[in-house]
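Down below is the structure, laid out as structure tokens.
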Amino acid sequence: GASSARGPATPAIRPSYGPEDERVPTSSMRNIIAERLLASKTQIPHFYLQMEVDAGPLMDFRAHLNASAEKAGGNKYTVNDFILKAVIRAAQAQPAINAAWDGDAIVKFKSVGLSVAIAIDDGLVTPVIKQAEKKTLLEISQAVKDLAGKAKNKKLSPDDFAGGTITVSNLGAYGIDQFAAIINPPQAAIVAIGSIRKAPVVDDKGQITVGQRMWVGLSGDHRVVDGAVAATFLAEMRKLLENPALMLV
12 GASSARGPAT PAIRPSYGPE DERVPTSSMR NIIAERLLAS KTQIPHFYLQ
62 MEVDAGPLMD FRAHLNASAE KAGGNKYTVN DFILKAVIRA AQAQPAINAA
112 WDGDAIVKFK SVGLSVAIAI DDGLVTPVIK QAEKKTLLEI SQAVKDLAGK
162 AKNKKLSPDD FAGGTITVSN LGAYGIDQFA AIINPPQAAI VAIGSIRKAP
212 VVDDKGQITV GQRMWVGLSG DHRVVDGAVA ATFLAEMRKL LENPALMLV
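This is the structure in structure tokens:
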């Protein structure tokens, strides 16, 4: 909008800097990020949940699929492909998450538009996998590769950003265990994914073994989503990630 052209407002407390410090004018992208995230953090009542997931079954299942794919020259799957699929399925199972606040009403979206946070040189973009609930794991994998390639080459179009209803941010590749993400407005939820790490796990027999664990977080807009709904959403995600074959049916 017109406001983004002016850039964000000057902060009330200005930084002091000397001749050797560099003052870099912000890009239009950085201005939009600043404006949207400031609006999100000041206007949306955020709440945060975290859930630990046993990533062992997912890692085994992915290795098995990729070994078959290698022989057949097929698609290699990333851990993130499965996470995205789990978010889509959980959003369908818990549709109150796939919604937005609209002043005097809540908009409940029929379709899942999955915004995927992708880091690029000068910021962050969140292009959208449209009608994600209709896509197979393979189609999701290909869609993410396509969007990531476009993002890297600065080839994303305005249409690539339209129609998002829920966002996923995965910082696992950076070694982050867990984090609380800021909601991507006007959406009502963002899912935050941490790294998969080896950890001691108590098994069914009470024995301590080495397992693989992953934290999955959710930031919700409390005007739209209640805690129990968000908790049920995360529990559905955990069920899918711990039983990954369910995501192929």
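Residues 12 to 260, numbered by our numbering, are exactly what the sequence shown covers, in order.
Think of the CB as a built atom: it goes at the ideal place given N, C-alpha and C, for glycine as much as any other residue.
Residue i and residue j closer than 8 Å at C-beta
i, j, result
"Gln-103", "Glu-144", "yes"
"Leu-229", "Ala-200", "yes"
"Val-9", "Glu-253", "Outside the displayed range of the chain (12 to 260) lies residue 9, so it cannot be described from this structure."
"Leu-38", "Asp-133", "The sequence shown places Ser at residue 38, not Leu. It is a contact, given that the beta carbons lie within the stated cut-off."
"Pro-196", "Ala-50", "yes"
"Asp-92", "Ile-151", "yes"
"Val-227", "Ile-204", "yes"
"Leu-60", "Ala-242", "yes"
"Phe-72", "Ala-184", "no"
"Leu-262", "Leu-259", "A query on residue 262 cannot be resolved here, the shown segment of the chain reaching from 12 to 260 and no further."
CB-CB length for residue i against residue j, believed under 8 Å
i, j, result
"Ala-107", "Val-202", "Not quite, the Cβ-Cβ distance comes to about 15 Å (not below 8 Å), so this is no contact."
"Gln-223", "Met-62", "Actually they are not in contact, since the Cβ atoms of Gln-223 and Met-62 sit about 15 Å apart, beyond 8 Å."
"Gln-153", "Ile-177", "20 Å between Cβ atoms; not a contact."
"Ile-207", "Ala-66", "5 Å"
Residue(s) in a DSSP beta bridge with residue i
i, result
"Glu-63", "Trp-226"
"Asp-232", "His-57"
"Ser-152", "None, per the DSSP bridge assignment."
"Asn-181", "Ile-204"
"Pro-211", "Val-221"
"Gln-198", "Ala-111"
Same chain only: Cβ atoms within 6 Å of residue i, ignoring 5 sequence neighbours per side
i, result
"Ile-55", "Ile-194 and Asp-232"
"Ile-140", "Leu-125 and Ala-154"
"Gly-174", "Gly-124, Val-139 and Lys-141"
"Phe-120", "Asn-109 and Thr-176"
Spatial neighbours of residue i in its chain, beta-carbon cut-off 8 Å, leaving aside the 5 residues before and after
i, result
"Ser-15", "Bear in mind that the predicted position of Ser-15 carries a pLDDT of just 46, short of 50, making it too unreliable to give a figure here."
"Thr-137", "Ser-126, Val-127, Ala-128, Ile-129, Phe-172, Gly-175, Thr-178 and Asn-195"
"Asp-188", "Gly-205, Ser-206, Arg-208 and Trp-226"
Residues of its chain near residue i, where Cβ-Cβ distance is below 7 Å and the 5 sequence neighbours each way are ignored
i, result
"Ser-122", "Gln-142 and Glu-144"
"Ala-13", "Note that Ala-13 has pLDDT 46, beneath the 50 cutoff, so the model's placement of it is unreliable and no number is given."
Three-pair Cβ contact test at 8 Å for the stretch 157-170 versus the stretch 94-101: no
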